Amino acid sequence: MYNIPLSRPDISSLERQYVQEVLESSRLSLGPRLEQFEALMATQCKVRHAVAVNSGTAALHLATLGLGLSAADEVITTPFSFVASTNVLLYENISFRFVDVDPDTYNINPDAVARAISGTTKAILAVDIFGLPADWPRLSHLSTQHNLSLIDDACHALGARLGEQPAGSWADVSCFGFYPNKQITTGEGGCLVTNSDALALLSRSLRNQGRATDARMEHIYLGYNYRMSELQAALGCAQLERLDELQAKRQQIAQWYHEALAPLQDDLVLPLQPADATRSWFVYVVRLQNHFTTEARDRLMQQLQAHGIGCSPYLPSIHLQPYYRQRFGFKPGDFPICEGISARTLALPFFSSLTQDDVQTVAEVLQESLATLPQYTSSFVTNVS
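To get this note's numbering, take the position in the sequence shown, counting from 1, and add 1.
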């Protein structure tokens with residue numbers, strides 16, 4: 002029995018120092034550490050404004066409000082994501098249209114987006130899944146051609162790049178999340194980044210119960226308690242100062258996985274490494290090849306967990322979540338590429354203190370377990386292609 006968890010935050014003496022300094026101060030909310038964290042995020046993303054909030058979901062919600070999206074509008078988005086990227090549209094009764102994803106990148110398929118654009122479409126919400134940038138050049142072309150807003154759910158992608166352009170600089174508004182398994186963490190937290198002065202000003206008000214941004218106790222909007230605390234911001238400042246170090250560690254671990262799992266590629270699809278984009282390693286997700294039954298992934302996870310190795314299905318299709326099936330009538334087969342990916346993908350242990358021996362252990366248990374999994378005996382299979 003091993004003890005290799007799925008994820009673990011990387012907290013150093015710097016984080017402890019910064020948090021302790023806040024605890025010893027008289028300012029625990031809306032203070033100087035928040036301003037510093039926002040400035041660091043704006044610099045990282047090469048944008049004018051960063052508005053820190055208490056979750057990536059809150060950031061996405063404020064993005065929809067800041068763009069003025071309403072119940073009369075439609076947003077095209079992906080069914081292969083964490084459920085929050087669609088939930089935020091439902092908060093405001095915004096219509097959404099799912100389109101299928103690319104079978105190699107798992108990101109939203111721009112060709113499918115182009116076919117889905119209608120007279121009521123007002124925005125595209127794309128996700129940089131598992132830290133791999135979506136096809137932003139093509140999405141940007143579509144947005145310009147049809148006068149659409151672009152929202153980037155970059156909650157997986159802090160530090161990713163397209164050429165010299167970092168995540169956060171590709172869309173009208175981009176959103177990040179800082180849950181403990183992310184590239185950096187604030188415990189819980191998120192951030193919206195944009196070059197729009199008006200959107201940033203509105204977001205700062207809405208995160209603070211709709212108050213005017215001056216000192217008056219005057220509420221000019223229906224707002225929310227989406228504030229990030231000084232403690233969270235202090236933690237985030239230290240993590241951002243260490244971002245290059247943290248990313249280098251995660252890149253090294255991904256490389257160890259590539260090498261250890263290379264002999265298993267008859268059975269496993271490893272994460273894509275495109276030449277035109279730099280992935281920011283959030284998770285390391287593998288996919289079973291199509292000759293395995295859809296039940297094989299769950300059996301594989303059970304065997305890994307029985308050996309004390311953390312793993313998780315990444316990610317269930319949003320449209321097949323019980324709430325979405327019940328409310329909207331989605332069913333299996335609606336988005337077959339997404340569903341084929343969801344049925345066969347799993348996240349392996351991935352965090353910056355993972356050792357090469359840990360990676361080798363995971364690879365050895367995977368190899369042993371793969372030999373026991375059920376495979377198709379006929380030519381019929383729901384392919385991911």
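Ideal Cβ positions, reconstructed from N, Cα and C, are used throughout, including at glycine.
Computed from a predicted structure; not experimentally measured.
Query raised in the report: So is residue 233 buried or exposed if we call it buried at 16+ other beta carbons inside 10 Å?
Result: buried
Query raised in the report: Which of helix, strand or coil does DSSP assign to residue 206?
Result: It is helical.
Query raised in the report: Start and end of the alpha helix (DSSP H) containing residue 356?
Result: Taken as a continuous stretch (DSSP letters only), residue 356 belongs to no alpha helix (DSSP H), as it is neither H nor E.
**Report entry** Alpha-carbon spacing of residue 255 relative to residue 75, whole angstroms
**Finding:** Rounded to whole angstroms, residue 255 to residue 75 spans 37 Å at the Cα level.
**Report entry** Nearest-angstrom Cβ-Cβ length linking residue 231 and residue 32, presumed shorter than 8 Å
**Finding:** 5 Å
Query raised in the report: In terms of residues, what are the limits of the alpha helix (DSSP H) holding residue 75?
Result: Segment 75 to 78 is the beta strand (DSSP E) holding residue 75; no alpha helix (DSSP H) there.
Requested in this report: State yes or no: is the C-beta of residue 377 within less than 8 Å of the C-beta of residue 279?
Outcome: no
Query raised in the report: Can you tell me the Cα-Cα spacing of residue 381 and residue 99, whole angstroms?
Result: Caution applies to residue 381, whose pLDDT of 39 falls short of 50 and renders its modelled position unreliable; the model cannot decide the point.
**Report entry** Of the listed residues 229, 209 and 228, nearest to residue 222 (C-alpha basis)
**Finding:** Closest by alpha carbon: 209.
Query - Extent of the continuous beta strand (DSSP E) run through residue 183 - result: Counting along the chain, no beta strand (DSSP E) covers residue 183, and no H or E run does either.
Report task. Pair every Cβ in the stretch 118 to 131 with every Cβ in the stretch 296 to 310, then say whether three or more of these pairs are closer than 8 Å. Result -> No contact exists between the stretch 118 to 131 and the stretch 296 to 310.
Report task. Buried or exposed for residue 274, please, with buried defined as at least 16 other CB atoms from any protein chain shown within 10 angstroms of its CB. Result -> It is exposed - the Cβ of residue 274 has fewer than 16 other Cβ atoms within 10 Å.
Query raised in the report: According to DSSP, what are the bridge partners of residue 84?
Result: In the DSSP output, where bridge partners are listed per residue, residue 84 has none listed.
Report task. Quick one: using the 10 Å Cβ neighbour count with 16 as the cut-off for buried, is residue 73 buried or exposed? Result -> Under a 10 Å Cβ-count criterion, residue 73 is classified as exposed, with fewer than 16 other Cβ atoms of the shown protein chains found around its own Cβ.
Report task. Could you tell me the distance, in whole angstroms, from the CA atom of residue 379 to the CA atom of residue 290? Result -> At residue 379 the pLDDT is 44, less than 50, meaning the model places this residue with poor confidence; the figure from the coordinates comes in the next sentence. Taking the straight line from one Cα to the other gives about 15 Å.
Query raised in the report: What's the C-alpha gap between residue 16 and residue 309?
Result: 29 Å
Report task. Compare the C-alpha of residue 371 against each of 356, 268 and 303 and name the closest. Result -> For the residues 356, 268 and 303, the minimum Cα distance to residue 371 belongs to 268.
Query raised in the report: In whole angstroms, what is the alpha-carbon distance linking residue 242 and residue 302?
Result: 35 Å
Query - Helix, strand or coil at residue 187 according to DSSP, with G and I counted as helix - result: coil
Query raised in the report: In angstroms, rounded to a whole number, what distance separates the CA positions of residue 20 and residue 86?
Result: 30 Å
**Report entry** Cβ neighbour criterion (16 or more within 10 Å) applied to residue 249
**Finding:** Residue 249 comes out exposed.
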